[in-house]
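Encoded as structure tokens, the structure appears first; notes follow it.
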């Protein structure tokens, strides 16, 4: 089992990178391949998947990303190819916060994650991700801004209504309140 591979990035493709270490090129599937640059010296934390018909490496920038990935693939019905895109399009804190707050809508925004899998993630991981992340106003509003931008609202308009939204509301209540204010 590998913990990490340190070497030179020789290829960057849409789903993977190739890291050369001591004359061997390792194909590593990563969440955000374009965050790596060709000819860049890098250290990639890896998870090695071994199956009867497959031997694959999955890579991560940080140990925290890898640990969350390992917890996610431990969820029934959630494999490596579903967990990796979650890390690509969501922050570690955002994913952990959504699990702790049972925010199914946030989890369903990831590719191939439906209602059933989102509920299974919450069932299997709630309370098991370490201390509950502090719910800061910035984090609540970060998620709110992301949702509203996804609905087509401009960042400037969104920032104008944020001071009028209660921080203690759930994300669903914040969205409703923000939409009321934006439609005025």
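Residue numbers (the working numbering): 78 to 261. Ideal Cβ positions, reconstructed from N, Cα and C, are used throughout, including at glycine. Predicted model only: the values in this text are computed from it and were never measured.
Host beta strand (DSSP E) of residue i (start-end)
i           : result
residue 135 : 131 to 137
residue 128 : 118 to 128
C-alpha gap between residue i and residue j, whole angstroms
i           : j           : result
residue 216 : residue 158 : Low per-residue confidence applies at residue 216: pLDDT is 49, beneath 50, and the placement is therefore not dependable, though the value from the model is reported in the following sentence. Each residue's alpha carbon lies about 27 Å from the other.
residue 138 : residue 93  : 13 Å
residue 257 : residue 220 : 17 Å
residue 105 : residue 190 : 23 Å
residue 224 : residue 252 : 8 Å
residue 192 : residue 170 : 21 Å
residue 232 : residue 130 : 47 Å
residue 213 : residue 88  : Caution applies to residue 213, whose pLDDT of 45 falls short of 50 and renders its modelled position unreliable; the value that the coordinates give is listed next. Distance between the alpha carbons of residue 213 and residue 88 is about 39 Å.
residue 194 : residue 260 : 33 Å
residue 201 : residue 152 : 6 Å
residue 199 : residue 163 : 14 Å
Counted within 10 angstroms of its Cβ, other Cβ atoms place residue i as buried (16 or more) or exposed
i           : result
residue 109 : exposed
residue 149 : buried
residue 118 : exposed
residue 228 : exposed
residue 211 : Interpretation of residue 211 is limited by its pLDDT of 48, a score under 50 that renders its predicted location unreliable; the figure taken from the coordinates is listed afterwards. Under this definition residue 211 is an exposed residue.
residue 245 : exposed
residue 111 : exposed
residue 116 : exposed
residue 242 : buried
Where the alpha helix (DSSP H) through residue i begins and ends
i           : result
residue 184 : 181 to 185
residue 238 : 232 to 238
residue 162 : 157 to 166
residue 194 : 192 to 202
residue 171 : 169 to 177
residue 245 : Premise fails: residue 245 is in no alpha helix (DSSP H) and is neither H nor E.
Proximity below 8 Å, CB of residue i to CB of residue j
i           : j           : result
residue 123 : residue 183 : no
residue 86  : residue 96  : yes
residue 166 : residue 146 : no
residue 133 : residue 140 : no
residue 42  : residue 173 : The shown model of the chain, from 78 to 261, leaves out residue 42, and the question about it has no answer.
residue 197 : residue 156 : no
Inset, instruction - At 3 residues or longer, and completely inside the segment 79 to 110: list those beta strand (DSSP E) runs for me, N to C. - result: Taking only runs of at least 3 residues, the beta strand (DSSP E) segments lying wholly in the segment 79 to 110 are 81 to 89, 93 to 98 and 101 to 107.
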